[in-house]
Structures are given as structure tokens and as C-alpha cells.
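Here's the structure we're looking at; comments come further down.
Protein chains: 4
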Amino acid sequence: MPSVPEPVRPGRKRSESSRTAILTAAWELTVELGYPGLTVEGIAARAGTGKQTIYRWWPSKADVLLDALALKADVQIGLDDHGSYAADLRQFLDRSFVLGLNPSVMRVMRTLMAQAQIDPEFGACFREQFLARRRAAFEVLASRAVERGDFPAGRSPALDARLVFGLLWYEVLAAPPPLDSGSADAAPHALADALIDLLTRSLTPEELA
Amino acid sequence: MPSVPEPVRPGRKRSESSRTAILTAAWELTVELGYPGLTVEGIAARAGTGKQTIYRWWPSKADVLLDALALKADVQIGLDDHGSYAADLRQFLDRSFVLGLNPSVMRVMRTLMAQAQIDPEFGACFREQFLARRRAAFEVLASRAVERGDFPAGRSPALDARLVFGLLWYEVLAAPPPLDSGSADAAPHALADALIDLLTRSLTPEELA
Amino acid sequence: MPSVPEPVRPGRKRSESSRTAILTAAWELTVELGYPGLTVEGIAARAGTGKQTIYRWWPSKADVLLDALALKADVQIGLDDHGSYAADLRQFLDRSFVLGLNPSVMRVMRTLMAQAQIDPEFGACFREQFLARRRAAFEVLASRAVERGDFPAGRSPALDARLVFGLLWYEVLAAPPPLDSGSADAAPHALADALIDLLTRSLTPEELA
Amino acid sequence: MPSVPEPVRPGRKRSESSRTAILTAAWELTVELGYPGLTVEGIAARAGTGKQTIYRWWPSKADVLLDALALKADVQIGLDDHGSYAADLRQFLDRSFVLGLNPSVMRVMRTLMAQAQIDPEFGACFREQFLARRRAAFEVLASRAVERGDFPAGRSPALDARLVFGLLWYEVLAAPPPLDSGSADAAPHALADALIDLLTRSLTPEELA
DNA sequence: GCCTAACCGAGACGGTACGTCGGGTCTTGGG
DNA sequence: CCCAAGACCCGACGTACCGTCTCGGTTAGGC
Chain R
1 MPSVPEPVRP GRKRSESSRT AILTAAWELT VELGYPGLTV EGIAARAGTG
51 KQTIYRWWPS KADVLLDALA LKADVQIGLD DHGSYAADLR QFLDRSFVLG
101 LNPSVMRVMR TLMAQAQIDP EFGACFREQF LARRRAAFEV LASRAVERGD
151 FPAGRSPALD ARLVFGLLWY EVLAAPPPLD SGSADAAPHA LADALIDLLT
201 RSLTPEELA
Chain U
1 MPSVPEPVRP GRKRSESSRT AILTAAWELT VELGYPGLTV EGIAARAGTG
51 KQTIYRWWPS KADVLLDALA LKADVQIGLD DHGSYAADLR QFLDRSFVLG
101 LNPSVMRVMR TLMAQAQIDP EFGACFREQF LARRRAAFEV LASRAVERGD
151 FPAGRSPALD ARLVFGLLWY EVLAAPPPLD SGSADAAPHA LADALIDLLT
201 RSLTPEELA
Chain V
1 MPSVPEPVRP GRKRSESSRT AILTAAWELT VELGYPGLTV EGIAARAGTG
51 KQTIYRWWPS KADVLLDALA LKADVQIGLD DHGSYAADLR QFLDRSFVLG
101 LNPSVMRVMR TLMAQAQIDP EFGACFREQF LARRRAAFEV LASRAVERGD
151 FPAGRSPALD ARLVFGLLWY EVLAAPPPLD SGSADAAPHA LADALIDLLT
201 RSLTPEELA
Chain X
1 MPSVPEPVRP GRKRSESSRT AILTAAWELT VELGYPGLTV EGIAARAGTG
51 KQTIYRWWPS KADVLLDALA LKADVQIGLD DHGSYAADLR QFLDRSFVLG
101 LNPSVMRVMR TLMAQAQIDP EFGACFREQF LARRRAAFEV LASRAVERGD
151 FPAGRSPALD ARLVFGLLWY EVLAAPPPLD SGSADAAPHA LADALIDLLT
201 RSLTPEELA
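Chains as they are written, first to last, in full-length UniProt numbering: chain R, 1 to 209; chain U, 1 to 209; chain V, 1 to 209; chain X, 1 to 209.
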């Protein structure tokens, strides 16, 4: 590895403590006040930094929030091989629901998805750094199933991905925001069951043939 | 119902021309500049009205836009009985895609969905006046299928609705915004085909049993 | 007077109370903190107005201060005819010194003259609305003396004006700022005496001839 | 005097090239952009130095400018004995006008005088290092005249000094800034003639008595 | 045929946050 | 110990919109 990506620039180094203080402040303010209450001035004030330090490193406050999400909730969702497409799907959906239905995480994700619609610049960033990665994770499952031979014939992983993420996001975006405490957790898991059932059972006709 | 809903108030009547000018201006500004470029002052200026006239009749600019959507695109999607769940689904999905992939309509819908995430007040309004109506329309199809007896056994209309709307919205929200001209129209229809196939074919095993 | 200078514009009228509150606040802040401590934000905060209201009516904070000077100290200095150039000069100088050596007024005048050097835009305004008016006042005295016949032969009112205002301003600008209490008041009046003596006595050689 | 004034401090010596680069940059920026365009960051950038190097050696940018004035224009004005108060005055005024009406020098002097009003710290410095020196130079002339016996009886050198410097500074500060090219040079010299005439002729009545 | 209530346009108002600029300090690596 | 570079905290800038509040003027019932 002879290549040095950072050619030893002169001058003071970026402050890691400021970085994490900013991300934490952004996360907290979003959870407490929602996106309209998230202001660059507020982040700077709570983080004890100058506004310029925020503008120097992030193009918009939505980008701050995206970094904060990566810092806060480790979005990586395990991809262990459970031996079957159904079992892999189950784990993927369960963990996604657990993560996405956490009120704080959910609020931030709703906010990010909303902002991605409104700000094209950030939209591209969000799609690349979040949505695409999640989709890539799903593709690991699907291609594993294809190799294993238990991916339903006559269907494409592309559709399955869209159905899975569509269900997840629609649940997040179309449902009323959780009032305060953890509301019904049963329903989403029933949905996951039904979806898995649909996506895996539908291969039977082919097998019968 | 002899009672008059509007108790014949005295004074000048609401100006219909101002109302439509405001809705048109809001629509155009959103399409041209996106939501950040949609300001109450801008709407008033383009519509040639005072700001107060907007604040008098709508609680927020997102509500203006929601009214504008109702004015502009007739969102009603036909629900003719085509004799089978598959055919009904086909028409529903086709018309939804045609409507939702129109760049102007799509931009406004993305904006409204985004705003619904950010502003809880408007979120409730959007869910009631838009999402719930679309879901009700789908339920007509589903219950028709149930009565007709060709709704797949072992599944619930609730899941189907979520899969249908999840797919539609995910396509709208997760895709990059259309650059300018009408981009690929083929893909969405292939998706619709595959979804219909999945939702209708999966009943066969049951029938076989 | 058929001409109407203000053609009855529509919309809300300018608030007189905001105007005076702004001018008062600007005056006080300058006296208390000096020009570097005079900020538009500070004026707005103390006056209880929005910043925009200041920017709407004045091009810079120096212009606010110039208006405040006109409001606060009535800069008009009496020009009664005292029968001779010497007596008129005496009153003019006395009143000018009394006004200009008032610590508050002096601080503001130093500030305005300084700002006029730094900001060409305001410099033009200050010269027209302040310096030129003071010079015009002096010219009334001088031309009265010329008509009366007791203006010293062989000299021009232009030089006298420059000497008078030069002395006044040099005293204000070159002297250290008054620390706190009223410092020596005797010296300036002695200067005035000597200047009057010089400007009026110098006509004697001519008279002798 | 074996003692070394600078106690041979250890470490790297002050860079003379940085010093002159900073002074030159400050002068140029003031002439080009005026005082508002003179920033420490700008000086450092043009001089190719760090900001810290400026803060290390000068308390404010006005002090930099004062040093730059000393470097640039040799402000010393000759004090040769011309045999009479009138002739000495003439040379003093002529050279002062020549220097002060040079557009670049004038702009810097206006700026320094302005800054001296606004910043008390620098004001003290400017009065000591600039105004007081000029006044001392004038006093050499005056005391020479007193010794020689041709200083006008019944007047004080203090008044003459104030009139001379008052006229000079008022001309600089109250006149509109020169647009670009050298404007009327005749008028100031006529003023100088008239002032000399006034200050020297006025002694005749006394002599007659 | 006036009243009078509600509408309308215009636009000034008190605010909040924006994104930028510059000040003055601190940190890094090199001379 | 000096120096260039540059990140840091901070405060003010001037702008953009917000949502509210007068203004004068317009439109209709209802007396």
C-alpha cells in the first residue's frame, strides 16, 4: 500500500471531538424537535462549536443527520446464512423492523427520506449511501438463494427487493408517527410472516410441475 | 337535511379567481423550483394576491399543494369490474403508474409525502385525504375479489394493499428524480406484471389441495 | 400646493414609533459602547424591532446615526444678527464649541466623520446633509458682514470658513477622547477668542491706509 | 554602551521579508479597496504569510497601516531655515499639501484618522506617533520665528498650529474623495497663500503702534 | 340606498434562521 | 523560537420568509 491518500497537508487537523459532538447534537435535536426544529445554529449551540465548522464539512444539515445515523445506529444488518431463503428473509425483515420501528431511528429515517425528496443534491447522496447499501445487502441474500437453488423460479430478485423495501418504507412513511411510547409491535411481525409466506410459498406450483 | 351548511354569512364572498390562481401558482412553483422554492410570498406574488388571502384559507403551503393536486390531476382512478382480481389489479396498477410517473405529478406527490413526514399536522391531513382514499379504492377491488371468490386463500387484502402501495411509493421515492424528459416507462409495467403474477398465481397451490 | 409628494401608496404605513426607537437606541449604543459596539442587531434588540426594519429605511448604520443626531441634538445654531462680524463669529464659535464638546455629541460626531472617510457612500451623504449645512450657516454670517461692510478687506469668506471649521474639527478629532467627566472647558473658549481676534483685527491695516 | 538592546534571544529571528511584505500588502489593499476591504486575512494572503505573524507583531491592522505609511512615504518634511516665518510657513504648507493631496497617501491618512476616532487604543498611538510629531515639527518653525523676532506679537504659536493643521485636515477630511486622477491642485495652494498672508500680515498694526 | 361585515391587494412589522465573512486563538509540521 | 497553513469558536453581517398586523378599497346581502 504505497499510495498515501492524504498527502500530509499542513495546518491544524480536523477535530474528532467536534465531529462527534455535532453528530450527536443533530441526532438529539431531530428526535426531540423534529426536522423543522433542527437548525444549524441549534446544532452548533448544543455541540459547542461554530457554525462554520458544520458548513466546512457537510453540505447540508440532512447530510449531518445521515452521518449521525451511521454513527448512532449501526445500520449493518447481519447476513448470516440460515440455510434457506425463508430463514434469511425472516432475519432480514425482523431486524429491519426492529431497527426501523425504534421511534428515534424511525423519526430520523422518515426525515432523511423526506429530505431526499425535497433536496435533489441530498437525494442522490441518500440513495447512494443508504438505499443502495440496503439493497446490496438484500442482494446477498437473494443471490445466495439462487446459488442454493431455493429461490423461487419464475421470479426475479429485483421484484422481491422492491416488495420487501416497499413494505418496510410504506409502513414507516404511511403510518401515523408513534405518539410517544412503543406502540403495537405485533402487527409488523405478522406482516413479515405473511410476506415471507408469499415470497417463498409461491415457488410450489413450479415444483409441483 | 334542511339545514344549510353555510349559514348565509353576510359580507363579500370568497373570490374563486383568487383561489384557483393560488392553486395554479403553487403547482407551477413546485414543479419549476421544487419545494424549497415554494414560498407563500412567491405564491402570492405569482397569483397576484395578498399573503393574508392564503393564510386565511389554508393552514400551510403543503395544504395548498394538496388542494392543487386535487384541482390539477383528477386523482380518481377508475374501478370498473373487469371480472377477475388479476384484471382489476392490472388496471389499478397501470393507471397508478401512468399517473405517478408523470413528472409533474410525481414531483408534487414526492413533495407531499415528504412534507407529511416533516409536519405532523399536515401528515394527518395527507393520510386522511390522500393515502386513506387510495387505500379505500384498493379495498373495493379486494372485497370484490373476495365476494367473487377469486381472492387467494390464506392471504389478507391488507397485505396485498401494502405490497401494492409499497411498490408504487418505493418506486417513486427511491428512484432518482426524472431529469427532464420522460424516461424509461417499460420497467414499471414489467414490475406491475410480475407483481400481479405473484399476487394471483400464489393461490394455485391452495386450489390444488 | 396642488402637488402631492406622496401618491397615497397602498399598504401599511411606516411606524413612527419604530423609527424613533431605532434612532434612540442607535444614539445610546454609540455613546455607551462606541462605534465598534454599535451593531444592527444590537440596535434592533434594544429598539424592539426587526433588523429588516432598519435595513428597509437606512442604507447603513452610520446613516441611522446621522438621523439620530438630527433627532437628538437640534444642530441648528442661531444666526441672530449681533451687529458685527466679530459678535456673530463669537456666537457661532461659542455655540459650536458648546455643542461639539458635549461628550455624547462629540463622540457621535467623531464617529460620523470617521465613517464618512471609510464609507464613500455615507461620506457623500454626510457632506451634503451635515458639513454643507454647517458651511451654509457660516456663509450667512459672512455675507451679512460683507453687506454690512465690516468683512475684512483682502480676504475671502471661503478661507474664514475653512479656518473656523478646521479649528473646530481639529480640536474634536486630534484631541484625546474625554475620559469621563467634563474636562477643561476654558481652553477652547480662549482659542475662540484668539481666532476672532485674528479674523477681525486683521482689517485694521487697510483702514489705516 | 556595551549593553545590547536586544538581549540576544534564542530561536529563529524575525523575518524582515515577511515584515515588508505585510506592510506593502496592507498599503496596497487600503489604496485599492479602502479600509473595509483591508482584512487581516487579506493581508496575510497577499503577503504570503500566516495570520499569526501579523498578530504577533502588531496589535491591530490600523497599526500595520501606520507602519506602512512610515515605510512608504517618508513623512519627514524639511525644516530648513528660510529666513522668515512667512517663508518657513510657505514651505511647510506646500510640502504638506503635496504630500497630503497625493491620492494614495491621502486615502491612507483619512483611514488612519478615521480609525483613530473609532479605536481609542489606536487613537492614542496615532496621536503620539503621527499628530504629535507633525505638531513638534511646526513648533520648530514657530520657535525659530519667536527667536528671530518675526513671530506676530499678541498671538500664540499654539493657535497658529491649530489653524495650520485644522486647515490641512479639514481639506482632507471634508472634501469628497478624489475620483481617480489628480484633481484641481491650484485651489489648495491659493488657500496656503491666503493663510500665510493672514498669519504674517496681522502683525503690522502692532508694529505701527 | 345606504349600512356593515367580510373580503381583497399591498406592504410594513417583529422574528428566526440562513449561509458567509472576518476576527482572534490554537495546533500542526517544518526551518 | 519563528513561520505558513489552516481548523477552531465566535459574533455580526445582510437576506429570505415566516406569520401577523394595519391600511385603503371593493363587494355584496340586509335593513
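Virtual Cβ for every residue (Gly too), placed ideally from N, Cα, C.
Inter-residue distance for Pro176 of chain X and Arg135 of chain X is about 25 Å (C-alpha atoms, whole angstroms). Across the structure, Thr30 of chain U and Ala174 of chain X are spaced so that their CA atoms are roughly 54 Å apart. Here the region 112-130 of chain R makes no contact with the region 120-134 of chain U; the two share fewer than three CB pairs at distances below 8 Å.
A Cβ of chain X is located within less than 7 Å of the beta carbon of Arg162 of chain V. Straight-line spacing of the CA atoms in Pro157 of chain V and Gly42 of chain V works out to 44 Å. Interface criterion not met: the Cβ of Gln129 of chain V is under 7 Å from no Cβ in chain X.
The three-state reading of DSSP puts Val140 of chain V in helix, counting H, G and I together. Only Arg110, Thr111, Met113, Ala114, Gln115, Ala116, Gln117, Ile118, Asp119, Pro120 and Gly123 from the region 98-123 of chain X bring a Cβ to less than 8 Å from some Cβ of chain V. Per DSSP, the unbroken alpha helix (DSSP H) holding Gln115 of chain U starts and ends at Pro103 to Ile118. Residue contact check for Trp27 of chain R against chain U: no CB pair falls below 7 Å. Sequence-distant Cβ neighbours of Ala44 of chain U in its own chain, meaning closer than 7 Å and more than five residues away, are Gly50, Lys51 and Ile54.
Rounded to whole angstroms, the separation of the alpha carbons of Ala187 of chain X and Arg90 of chain X is 15 Å.
Rounded to whole angstroms, the Cβ separation of Gln117 of chain U and Ala114 of chain R is 4 Å, and the two are in contact under 8 Å. Fewer than three Cβ pairs drawn from the region 34-41 of chain X and the region 189-201 of chain V lie within less than 8 Å of each other, which leaves the two stretches out of contact. Burial is judged here by how many other beta carbons sit within 10 angstroms of a residue's own beta carbon; Asp81 of chain V has fewer than 16 and is exposed.
The beta carbon of Leu38 of chain R sits closer than 7 Å to those of Ala26, Leu29, Thr30 and Lys61, all from its chain and outside the five residues before and after it, given in chain order. Cβ neighbours of Ala86 of chain X within its own chain (closer than 6 Å, five residues either side excluded): Ile196 and Thr200. Residues of chain X with a Cβ closer than 8 Å to the Cβ of Ala194 of chain V are, in chain order, Arg155, Ser156 and Leu159.
Taking a contact as a CB-CB distance under 8 Å, the pair Val64 of chain X and Leu23 of chain X counts as one, their CB atoms being some 7 Å apart.
Residues of the UniProt domain "HTH tetR-type" (16-76) of chain R with a C-beta atom less than 8 Å from some C-beta of chain U are Gly34, Tyr35 and Pro36, listed in chain order. Across the set R:Ala68, R:Arg162, R:Arg46 and R:Val40, the C-alpha of R:Val40 shows the shortest separation from the C-alpha of Arg56 of chain R. In this structure, Ala161 of chain V keeps its C-beta atom at 7 Å or more from the C-beta atom of Leu93 of chain V.
Assignment of Trp57 of chain U by DSSP, reduced to helix, strand and coil, places it in the helix class. When rounded, the separation of the alpha-carbon atoms in Ala124 of chain U and Ala47 of chain V is 41 Å. For Val8 of chain V, there is no enclosing alpha helix (DSSP H), as DSSP marks it with neither H nor E. Here Gly11 of chain R is exposed, its C-beta having fewer than 16 other C-beta atoms within 10 Å. Taking a Cβ-Cβ cut-off of 8 Å, Phe151 of chain R has no neighbours in chain U, whose nearest Cβ is about 13 Å from it. Neighbours of Phe165 of chain U in chain R, taken as residues whose beta carbon is under 9 Å from its own, are Gly166, Tyr170 and Ala174 in chain order. In the structure shown, His189 of chain X adopts helical secondary structure according to DSSP, grouped into three states. Nearest in C-alpha terms to Phe151 of chain X, of all of X:Glu121, X:Gly166 and X:Gly83, is X:Gly83.
For Ala153 of chain R, the three-state secondary structure derived from DSSP is coil. Close partners of Pro177 of chain X in chain V (Cβ separation under 8 Å): Pro120 and Gly123.
At a beta-carbon threshold of 8 Å, none of the residues of chain U lie near Leu141 of chain R; the nearest stands roughly 18 Å away. Only exposed fits Gly154 of chain X, as fewer than 16 other CB atoms lie within 10 angstroms of its CB. In the three-state DSSP reduction, Gly50 of chain R falls in the coil class, being neither helix nor strand.
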